[in-house]
Structure formats: structure tokens, C-alpha cells
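Per our numbering, the sequence shown runs over residues 1 to 221.
C-beta atoms are modelled at their ideal positions from N, C-alpha and C, and glycine is treated no differently.
One structure is given here, and the rest of the page talks about it.
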Amino acid sequence: MSSSDLKKQAVARAAIEYVEYDDIVGVGTGSTVDFFIEYLKPIKNKISGAVASSISTQEKLEANGIRVLDLNDVSDIPIYIDGADEVNSNFQLIKGGGGALTREKIIAGASNKFLCIVDDSKVVDVLGKFPLPLEVVPMARSFVAREVIKKKGMPVWRENFITDNGNIILDINHMEIFEPILLEKDLNKIPGILTVGLFAERPADHILVSSEKEVIELEKK
Ligand code: 5RP
Numbered sequence: 001m002s003s004s005d006l007k008k009q010a011v012a013r014a015a016i017e018y019v020e021y022d023d024i025v026g027v028g029t030g031s032t033v034d035f036f037i038e039y040l041k042p043i044k045n046k047i048s049g050a051v052a053s054s055i056s057t058q059e060k061l062e063a064n065g066i067r068v069l070d071l072n073d074v075s076d077i078p079i080y081i082d083g084a085d086e087v088n089s090n091f092q093l094i095k096g097g098g099g100a101l102t103r104e105k106i107i108a109g110a111s112n113k114f115l116c117i118v119d120d121s122k123v124v125d126v127l128g129k130f131p132l133p134l135e136v137v138p139m140a141r142s143f144v145a146r147e148v149i150k151k152k153g154m155p156v157w158r159e160n161f162i163t164d165n166g167n168i169i170l171d172i173n174h175m176e177i178f179e180p181i182l183l184e185k186d187l188n189k190i191p192g193i194l195t196v197g198l199f200a201e202r203p204a205d206h207i208l209v210s211s212e213k214e215v216i217e218l219e220k221k
């Protein structure tokens with residue numbers, strides 16, 4: 001296994017400690033979460049079920065015999081566990097590299113606690129080196145791109161990719177995001193953007209970071 005995968009596996013294993021008996025667990029999307037699902041399998045009878053943030057995660061949970069619940073049938077999600085593309089010391093995140101940002105943001109918002117699991121390559125001082133994903137209604141693609149350019153962003157259409165909600169993704173390249181909450185609010189005002197891949201208004205509550213040596217819980221600045 002590559003060193004990057006070993007780190008993802010280690011942080012996924014550590015996240016299991018945060019799951020409590022009878023919990024409904026929100027489950028994110030991506031390669032780090034794929035390892036988490038493997039560790040969730042042996043304790044599947046100790047939890048009440050899982051709420052999936054994508055069709056792909058739902059299929060993996062079901063393939064592992066983990067009960068998947070519809071968010072509409074659930075009133076309380078004690079914990080949401082998901083990866084990220086970038087994290088900063090205020091626990092603000094860029095997410096959506098896998099295109100699942102809308103359902104991820106909904107579950108993060110619906111959960112009491114959001115535990116983010118990353119390897120040390122994802123920890124940055126300033127968000128934005130990783131292109132910021134926007135989920136956009138298809139008919140608004142060019143309009144949204146023009147609006148983003150006015151805000152000095154460089155949007156790139158993620159071609160041949162359709163989200164679970166039938167929309168497209170624009171990735172904003174070359175942005176240094178010094179004020180994540182303001183940018184998230186500002187982008188949210190553009191009609192046609194369904195979801196901004198900045199998780200700043202609702203940041204993570206805890207972040208676990210793995211290096212080659214150890215897994216640590218990040219301290220908030
Ligand atoms: C998917 C996401 C993922 O959490 C993010 O892309 C990180 O993925 P990985 O664990 O594969 O590095 O936001 O939409």
C-alpha cells in the first residue's frame with residue numbers, strides 16, 4: 001500500500017474511537033472514508049445505522065452489510081465522519097474533490113458533531129491551492145463562470161462529471177482564500193450555484209490528522 005493510503009487507513013482507524021454505541025453515523029465520501037467503512041463493518045451491529053453522503057458511499061455501506069438510513073427518517077445524527085481536500089487551523093475546509101459536496105454539506109449541517117479525517121498533506125495555512133468546487137445547475141454554467149471571473153477566480157468546468165443531483169461542477173483555480181466565511185457567503189448569492197465547497201460557516205468540530213508516525217487531533221487556533 002502507498003504511504004498516502006497507509007496514512008488514510010490510520011486516520012480512518014482512529015476515527016472509529018469516536019463512534020458510540022447506538023449512534024446513527026453520517027458517512028462522507030472519498031478514499032479516506034472508504035477505509036473508514038471497512039472499520040465500521042465489524043461494529044455494524046453496535047450502531048443504529050448510517051446516513052450516506054453519496055450514492056457511491058451508500059453502495060459501499062450496503063455491500064458491507066451496514067444499515068443505510070434516509071436522512072428524512074432520522075431526527076438526530078450524533079456524528080458525521082468525512083475527509084476533506086484542505087483544512088486550516090480554524091477547522092474550515094475545502095471539500096468536493098469527489099463531487100459529493102452538496103450531500104456532504106447537508107449531512108454536516110444536520111449532525112451534532114463533524115469529525116474530519118485527513119492526512120497531513122491536506123493541512124494548509126491558507127485555503128485555496130486545491131481548486132474550490134462549486135456544484136452548479138447545468139443551465140447556469142456559463143453565467144456562474146462569468147460571475148466567478150468578476151471575483152478574480154478562474155473557473156474550470158469538470159467535464160464528463162455529473163453529480164448525484166444531476167448537476168455539474170466548476171472548480172475555481174488559483175484562489176487564496178483569506179476570508180473563507182465571507183467568500184462562502186458571497187458565492188452563495190450567485191443564482192445557479194447549488195453548493196460552495198467551502199465548509200467555513202459550518203466548519204468541522206474535530207480534525208484528526210495522520211502522518212507517517214502518528215495520528216493526532218488538531219488544535220483549533
Ligand atoms: C468528496 C470529498 C472528499 O472528502 C475529499 O475529496 C477527500 O477525498 P479523499 O479522502 O479521497 O482524499 O469532499 O466530495
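Quiz item: Unbroken alpha helix (DSSP H) runs of length 4 or more, entirely within the segment 69–136: which are they?
Solution: 101–110
Quiz item: Closest by CA to Leu132, which one among Ile177, Pro203 and Asp5?
Solution: Within the sequence shown, numbered from 1, the residue matching residue 132 stands at position 132. The shortest C-alpha separation from Leu132 is found at Ile177.
Practice problem: Report the three-state DSSP secondary structure of Met139 (helix, strand or coil). | Solution: Within the sequence shown, the letter at position 139 stands for residue 139. Reduced to three states, the DSSP call for Met139 is helix.
Exercise. Starting from Phe180, follow the alpha helix (DSSP H) in both directions and report where the run begins and ends.
Key: Here the question's residue 180 lines up with position 180 in the sequence shown. With the sequence shown as reference, residue 180 is identified as Pro, and Phe is not the correct amino acid for it. Pro180 to Asn188 is the extent of the alpha helix (DSSP H) around Pro180.
Quiz prompt | Three-state class that DSSP yields for Asp5 in the structure shown | solution = As a working note, residue 5 is residue 5 in the sequence shown. Three-state DSSP puts Asp5 in a helix.
Exercise. Could you spell out the range, first to last residue, of the alpha helix (DSSP H) harbouring Ile37?
Key: What you label residue 37 is simply residue 37 of the sequence shown in a count that begins at 1. Ile37 -> alpha helix (DSSP H) spans Ser31 to Leu40.
Practice problem: Could you please give the first and the last residue of the uninterrupted beta strand (DSSP E) stretch that includes Leu208? | Solution: Taking the sequence shown and counting its residues from 1, one reaches residue 208 at position 208. Counting along the chain, the beta strand (DSSP E) containing Leu208 begins and ends at His206 to Ser210.
Quiz item: Just curious, the alpha helix (DSSP H) that Glu62 is in, first and last residue?
Solution: Residue 62 sits at position 62 when you count from the first residue of the sequence shown. Unbroken alpha helix (DSSP H) run through Glu62: Ile55 to Ala63.
Quiz item: Near ligand 1, which residues have their beta-carbon closer than 5 Å to a heavy atom?
Solution: Thr29, Gly30, Ser31, Thr32, Gly83, Asp85, Lys95, Gly96, Gly97, Gly98 and Ala100
Quiz prompt | Sequence-distant residues of its chain with Cβ nearer than 6 Å to Gly26 (five each side left out) | solution = Looking up residue 26 in the sequence shown gives position 26. Same-chain partners within the cutoff: Val51, Ile77, Tyr80, Ile107 and Ser111.
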